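Engineer:
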Amino acid sequence: MNDAILTVLAQVSEQMGFLTPTGPADQAPTFGPVVQVAFHGPAEGVVVVAASQALAEALARNLLTIDADAAVPAEDCTDALRELANIAAGNLLPILHGDGEYRLDPPEISSWPSLTTDAAHLECVEGTLSACCALR
Amino acid sequence: MTAPSGPLEVLVVDDNRIMRDMVARSVGMSGLPIAQIRQAGDGQQALDAVRAAWTDLVLLDLNMPVMDGETFLRALRADTALRDTLVVVVSTESSGARIERLRGMQAGFVHKPFTPEALCAEVHRLLGDTP
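So the protein sequences, as listed, match chains A and B. According to the working numbering, the residues represented by the first sequence are 14 to 149, in order. According to the working numbering, the residues represented by the second sequence are 157 to 287, in order.
(1) Looking only at its chain, what residues have a beta carbon closer than 6 Å to the beta carbon of A:Cys145, apart from the 5 residues adjacent to it on each side?
(2) Since A:Glu121 sits in a beta bridge, which residues does DSSP pair it with?
(3) Count the C-beta pairs between the stretch 191–203 of chain B and the stretch 133–141 of chain A that are closer than 8 Å, then say yes if the count reaches three, no if not.
(4) Are at least three pairs of beta-carbons, each pair with one atom in the stretch 262–281 of chain B and one in the stretch 175–191 of chain B, less than 8 Å apart?
(5) What's the gap between the Cα of B:Asp171 and the Cα of B:Leu216?
(6) Please report the distance separating the alpha-carbon of B:Leu213 from that of B:Val246.
(7) Under the rule that 16 or more other beta-carbon atoms within 10 Å means buried, what is A:Asp92, buried or exposed?
(8) For the alpha helix (DSSP H) that B:Phe265 lies in, which residues bound it at each end?
(9) In angstroms, rounded to a whole number, what distance separates the CA positions of A:Gly45 and B:Asp235?
(10) Looking only at C-alpha atoms, which of B:Thr248, B:Val222, B:Thr241 and B:Val244 sits nearest to B:Gly197?
(11) Considering B:Leu218, what are the terminal residues of the beta strand (DSSP E) in which it resides?
(12) Taking the continuous alpha helix (DSSP H) assigned at B:Gln201, which residues delimit it?
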């Protein structure tokens with residue numbers, strides 16, 4: 014499961030976020046935005062995605078074409094991560110839990126769960142990105 | 157479906173403003189003749205928008221609050237004045253059954269994450285021309 018999460022994170026961060034993945038990281042970022050996407054359908058649960066502050070800012074800069082020397086509002090960082098999480102969740106669910114019609118709730122601000130076994134951490138040039146999937 | 161003859165009136169529908177901007181930028185850079193690109197945050201806003209002003213092309217997300225994209229598409233196709241509006245669904249959807257259902261309602265489909273080239277190719281395909 015962790016390999017699948019890592020693969021999807023790398024694909025989505027590169028194709029949609031224009032980030033540069035370099036390989037697995039050791040742990041989830043300790044400071045930065047976290048969002049979760051609840052899903053319903055053949056399986057029920059949440060996908061949680063966390064970004065280091067540096068990666069979240071780079072993602073927002075890339076998606077919103079913000080100048081390199083301009084400050085990035087926190088809201089932009091969170092909104093950028095919301096969209097990345099939404100796309101990651103949509104791509105992960107058929108791989109982790111089988112084909113079917115999933116309904117995704119709008120991404121919400123969350124916190125990284127303290128106990129996670131099914132998590133993957135991706136190192137990018139811009140910072141760290143993590144995701145986990147938990148069933149309800 | 158009838159291909160529009162002049163510059164396109166485009167409506168981008170997504171609940172995330174960043175994705176709306178990305179889709180709008182992609183279609184804006186496509187080389188298609190664009191008259192105007194408007195935006196809506198959910199299916200209900202999109203229905204209000206297409207009823208209020210002429211729209212040639214809708215670029216549509218599926219998972220949205222208030223009214224989802226599939227419900228919007230069904231309502232659009234049931235409206236005799238709007239049923240011929242071109243629609244491309246831009247979504248993370250992977251269910252083959254759901255994608256077939258959308259195509260059955262004469263919608264194009266582009267999977268997220270998308271490249272601007274993929275989006276443009278699907279719009280050109282619906283318009284019946286070659287990019």
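Each residue gets a CB set at the ideal place from its N, CA and C atoms; glycine is no exception. The structure presented is a predicted model; accordingly, all values stated were derived computationally and were not measured.
Structural biologist: In short, the structure shows the following:
(1) Val61, Thr129, Asp131 and Ala132
(2) A:Gln49
(3) no
(4) yes
(5) 10 Å
(6) 13 Å
(7) buried
(8) Segment Ala263 to His267 is the beta strand (DSSP E) holding B:Phe265; no alpha helix (DSSP H) there.
(9) Spanning the alpha carbons of A:Gly45 and B:Asp235 requires a straight line of approximately 46 Å.
(10) Of B:Thr248, B:Val222, B:Thr241 and B:Val244, the residue nearest in Cα terms is B:Val222.
(11) Per DSSP, B:Leu218 belongs to no beta strand (DSSP E) and is neither H nor E.
(12) Gly199 to Ala208
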